[in-house]
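Asks:
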Amino acid sequence: MSLPEAQTEEYNAFFANKSLSDLPAVDKVITVNSSDSVAQATRTLAAHNILSAPVRDSDQPDDAPWLEKYIGTADAVNLMHWLLHQVQDTDGIEDLDMLLRHTAAHTEIANVIDEDKDTARFNPFIPLAKENNTMLDVMLLLGKYAQHRAYIVEPGSDITNVVTQTSLLEFLHAHLDEFPKLVDSTVADLQLGTKKDIVSCKPTDTMQSALLKMRDEHVSALPFVDKANKVLGVVSSRDTRLLIRQPTRLRFLNQPLELFNDLHVAPFDAEVVCCTSSDTLRSVIEKLRKNRVHRVFVVDDDNVLQSVIALRDVIAQFVKEPADSKIEAYFVQRSAAAL
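Position 32 of the sequence shown, counted from 1, bears residue number 32 in the UniProt record's numbering, the numbering being contiguous throughout.
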């Protein structure tokens, strides 16, 4: 369901009139150094329970402007890509955990992000300035353009805040009553979520095959479903952190996912968050926020998977890109520069 044009303009105006200062502020911007090892960077992300962090050039002084100081973003997805590269063609190798432990301790995180075009400088390192950007830009970037984060920078200075889809959800939750017609519409009314070609994995799939499928399908998580297509759990790029921090668990890479489920260990030790097509958008937002997850699974009365609602799908409902927006041109220009 599309909102009436007048309502779309009203919602756009609401966000365009909101400053980036209205977003929840972080106590401290957590960074990793380019000279940090993969193991160190992974520990930093895990210690602060975050999925990504800007990578600071270790050769730059503390007072260097942000444009010179940061070389990209370290996140769970490129750690997953790195891990898969390390374990390919390792069948029969003894002490694989020791090999990974050694490699993770002696590989700089800068090399990892340089090898992955999706996490190199400005891809997806997106800077925003309070003087030039508004909340409407943030909503479009993290909604329509499916970016996971953006950095608020002080021109000539440093990063002052990190905007994630989760922090944006907190902002939306605080302003739900501004959008009664939208948030009280149902999932069915809004035709919300991905229904076709849902990528999933089966109980007999191994952890490694699930991670490979995520990489090949360019997704950060997969639902784990049984023969009846009922959701049992979720495998995500976040789980890579555990394998890198505890290489002894690498022996589970080639074990079927049903083993993890039976043992009730990560990644299947958390409740799967579901909703139905009759739930309202308000309810979906409440579930995403309460459970601190990035997706909700839409199921029918028999608990059979019907669609997947990602955080970006929710964010995208609130705004429509104006005709004079320059965001698409920015991405075109950035893609050309990366070639």
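The beta-carbon is built from N, C-alpha and C at its ideal position, and this holds for glycine as well.
Considering Cα atoms alone, identify which of V235, E258, L253 is closest to residue 340.
Replies: Because residue 340 is not part of the residues shown, which for the chain are 1 to 339, the question remains open.
Asks: Just to confirm my understanding: we take V199, look at its own chain, exclude 5 residues before and 5 after, and list those with CB closer than 7 Å. What are they?
Replies: Counting from one through the sequence shown, the residue named residue 199 turns up at place 199. Around V199: K213, E217, V219, L222.
Asks: Using a threshold of 9 Å, state whether the C-beta atoms of V304 and T276 are closer than that.
Replies: Sequence index remark: in the sequence shown, residue 304 carries index 304 (1-based). Sequence index remark: in the sequence shown, residue 276 carries index 276 (1-based). Taking 9 Å as the Cβ cut-off, V304 and T276 do not qualify as a contacting pair.
Asks: Residues bridged to I126 by DSSP?
Replies: Taking the sequence shown and counting its residues from 1, one reaches residue 126 at position 126. Looking at the DSSP assignment, I126 forms no beta bridge with any residue, so it has no partner.
Asks: Rounding to the nearest angstrom, what Cα-Cα distance links K320 and L141 in this structure?
Replies: Within the sequence shown, residue 320 is the residue found at index 320, counting from 1. Within the sequence shown, residue 141 is the residue found at index 141, counting from 1. When rounded, the distance between both Cα atoms is 11 Å.
Asks: Less than 9 Å separating the beta-carbons of V55 and G72?
Replies: Counting from 1 along the sequence shown, the entry for residue 55 is found at position 55. Counting from 1 along the sequence shown, the entry for residue 72 is found at position 72. Yes, these two residues count as a Cβ contact at 9 Å.
Asks: Given a threshold of 16 other Cβ atoms within 10 Å of its Cβ, counted over all protein chains shown, does K69 qualify as buried or as exposed?
Replies: Locating residue 69 in the sequence shown gives position 69, counting from the first residue. Its Cβ being crowded by 16 or more others within 10 Å, K69 is buried.
Asks: Around the Cβ of L79, are there at least 16 other Cβ atoms within 10 angstroms (buried) or fewer (exposed)?
Replies: Here residue 79 refers to the residue found at position 79 of the sequence shown. By the neighbour-count rule (16 or more Cβ atoms within 10 Å), L79 is buried.
Asks: Would L67 be called buried (16 or more neighbouring beta carbons within 10 Å of its own) or exposed?
Replies: In the sequence shown, residue 67 corresponds to position 67, counting from 1. When all chains shown are included, L67 counts as exposed.
Asks: Assuming contact is defined by CB atoms lying nearer than 9 Å, are L169 and I285 in contact in what I supplied?
Replies: Residue numbering aside, residue 169 sits at position 169 when the sequence shown is read from its first letter. Residue numbering aside, residue 285 sits at position 285 when the sequence shown is read from its first letter. Yes, Cβ-Cβ distance for L169 and I285 is below 9 Å.
Asks: Quick one: residues in its chain with C-beta nearer than 7 Å to the C-beta of R238, no 5 flanking neighbours on either side, listed in chain order?
Replies: Taking the sequence shown and counting its residues from 1, the one referred to as residue 238 is at position 238. Counting only Cβ-Cβ distances below 7 Å, and skipping sequence neighbours, we find L51, A76.
Asks: Examine the Cβ distances between the stretch 9 to 18 and the stretch 29 to 37 and report whether three or more of them are shorter than 8 Å.
Replies: no
Asks: What does DSSP give as the partner residues of L222 in its beta bridges?
Replies: The sequence position of residue 222 within the sequence shown is 222, counting from 1. DSSP output for L222 lists V235 as bridge partner(s).
Asks: For F171, which residues of its own chain have a beta-carbon under 8 Å away from its beta-carbon, when the five flanking residues on both sides are left out?
Replies: Against the sequence shown, residue 171 aligns to sequence position 171. In its chain, beyond the 5 residues on either side, D22, L23, P24, M135 have a beta carbon closer than 8 Å to the beta carbon of F171.
Asks: Can you give me the C-alpha to C-alpha distance between I152 and P65, rounded to a whole angstrom?
Replies: Reading the sequence shown from its first residue, position 152 is the one you call residue 152. Reading the sequence shown from its first residue, position 65 is the one you call residue 65. Cα to Cα, the separation comes out at about 13 Å.
Asks: Who are the near neighbours of Q165 in its chain, counting only those whose CB is closer than 8 Å to its CB and skipping five residues on each side?
Replies: On the sequence shown, position 165 is the one that residue 165 refers to. Excluding residues within five positions, the ones whose Cβ falls inside 8 Å are L142, H148, R149, H294, L311, R312, I315.
Asks: As a quick exercise: from C201, A323, A104, L192, pick the residue whose alpha carbon is nearest that of T42.
Replies: Along the sequence shown, read from residue 1 onward, the residue named residue 42 stands at position 42. Selected option, being the one with the closest Cα: A104.
Asks: Checking 9 Å against the spacing of the C-beta atoms, do Q306 and K181 come in under that value?
Replies: What you label residue 306 is simply residue 306 of the sequence shown in a count that begins at 1. What you label residue 181 is simply residue 181 of the sequence shown in a count that begins at 1. Not closer than 9 Å, so no.
Asks: Between T107, K227, D302, D279, which has its C-alpha nearest P203's C-alpha?
Replies: For this step, residue 203 is matched to residue 203 along the sequence shown. Measuring from the Cα of P203, the nearest candidate turns out to be K227.
Asks: Quick one: give me the first and last residue of the beta strand (DSSP E) that R56 is part of.
Replies: Here the question's residue 56 lines up with position 56 in the sequence shown. Note, R56: beta strand (DSSP E), 52 to 56.
Asks: Restricting to Cα atoms, I'd like to know which of T248, L232, S278 is closest to L259.
Replies: Along the sequence shown, read from residue 1 onward, the residue named residue 259 stands at position 259. Cα-wise, what sits closest to L259 is L232.
Asks: Between the C-alpha atoms of F122 and D302, what's the straight-line distance to the nearest angstrom?
Replies: On the sequence shown, residue 122 is found 122 positions in, with the first residue counted as 1. On the sequence shown, residue 302 is found 302 positions in, with the first residue counted as 1. Summary for F122: the model assigns pLDDT 48, below 50, so the residue's position carries little reliability; its value from the coordinates is reported in the next sentence. Using only the alpha carbons, I get a separation of about 44 Å.
Asks: Assuming P247 contacts D97 (C-beta within less than 8 Å), just tell me the rounded distance between them.
Replies: The residue labelled residue 247 in the question sits at position 247 within the sequence shown. The residue labelled residue 97 in the question sits at position 97 within the sequence shown. Contact flag correct, Cβ pair sits at about 4 Å.
Asks: If distances are taken between C-alpha atoms only, which option among H81, K290, Q191, T44 comes closest to N111?
Replies: Here residue 111 corresponds to residue number 111 of the sequence shown, with the count starting at 1. Minimum Cα distance to N111 is reached at H81.
Asks: Leaving out five residues on either side along the sequence, give the residues of the same chain with a beta carbon under 7 Å from the beta carbon of N17.
Replies: Mapped onto the sequence shown, residue 17 falls at position 17. Nothing meets the Cβ criterion.
Asks: Quick one: residues in its chain with C-beta nearer than 6 Å to the C-beta of F158, no 5 flanking neighbours on either side, listed in chain order?
Replies: Counted from its first residue, the sequence shown places residue 158 at position 158. Correcting the residue identity first, residue 158 is Asp in this sequence and not Phe. Closer than 6 Å at Cβ, skipping near neighbours: W66.
Asks: Who pairs with F297 in a beta bridge, going by DSSP?
Replies: Position 297 of the sequence shown, counting from 1, holds the residue named residue 297. According to DSSP, which records beta bridges pairwise, F297 is partnered with C274, V308.
Asks: Which first and last residues belong to the beta strand (DSSP E) in which T160 is found?
Replies: The residue you call residue 160 lines up with position 160 of the sequence shown. Looking at the DSSP string, the run of the beta strand (DSSP E) that includes T160 is 159 to 164.
Asks: Give me the Cα-Cα distance between D269 and K195, rounded to the nearest whole angstrom.
Replies: For the purposes of this step, residue 269 is taken as the residue at position 269 of the sequence shown. For the purposes of this step, residue 195 is taken as the residue at position 195 of the sequence shown. Since pLDDT at D269 reaches only 48, below the 50 mark, its modelled position is unreliable, and the value read off the structure follows with that caveat. If I take the Cα positions, the gap works out to 26 Å.
Asks: Could you tell me which residues DSSP puts in a beta bridge with N33?
Replies: Walking along the sequence shown from the start, residue 33 turns up at place 33. Note: N33 sits in a beta bridge opposite R56.
Asks: Quick check: L192 and Q60, are their CB atoms within less than 9 Å of each other?
Replies: For the purposes of this step, residue 192 is identified with residue 192 of the sequence shown, where counting begins at 1. For the purposes of this step, residue 60 is identified with residue 60 of the sequence shown, where counting begins at 1. Taking 9 Å as the cut-off, the beta carbon of L192 is found no closer than this to the beta carbon of Q60.
Asks: Mapping DSSP to helix, strand and coil, what is I152?
Replies: In the sequence shown, counting from the first residue as 1, residue 152 sits at position 152. The answer is strand: DSSP assigns I152 an E or B state.
Asks: Roughly how many angstroms separate the alpha carbons of Q40 and H106, rounded to a whole number?
Replies: Here residue 40 refers to the residue found at position 40 of the sequence shown. Here residue 106 refers to the residue found at position 106 of the sequence shown. Each residue's CA atom was taken as its position, placing Q40 and H106 some 10 Å apart.
Asks: Answer yes or no: do K130 and S19 have a C-beta to C-beta separation smaller than 9 Å?
Replies: Taking the first residue of the sequence shown as 1, we reach residue 130 at position 130. Taking the first residue of the sequence shown as 1, we reach residue 19 at position 19. Cβ distance < 9 Å, so K130 and S19 count as in contact.
Asks: Look up Y11 in the DSSP assignment and give the residues it is bridged to.
Replies: For the purposes of this step, residue 11 is taken as residue 11 along the sequence shown, with counting starting at 1. In the DSSP output, where bridge partners are listed per residue, Y11 has none listed.
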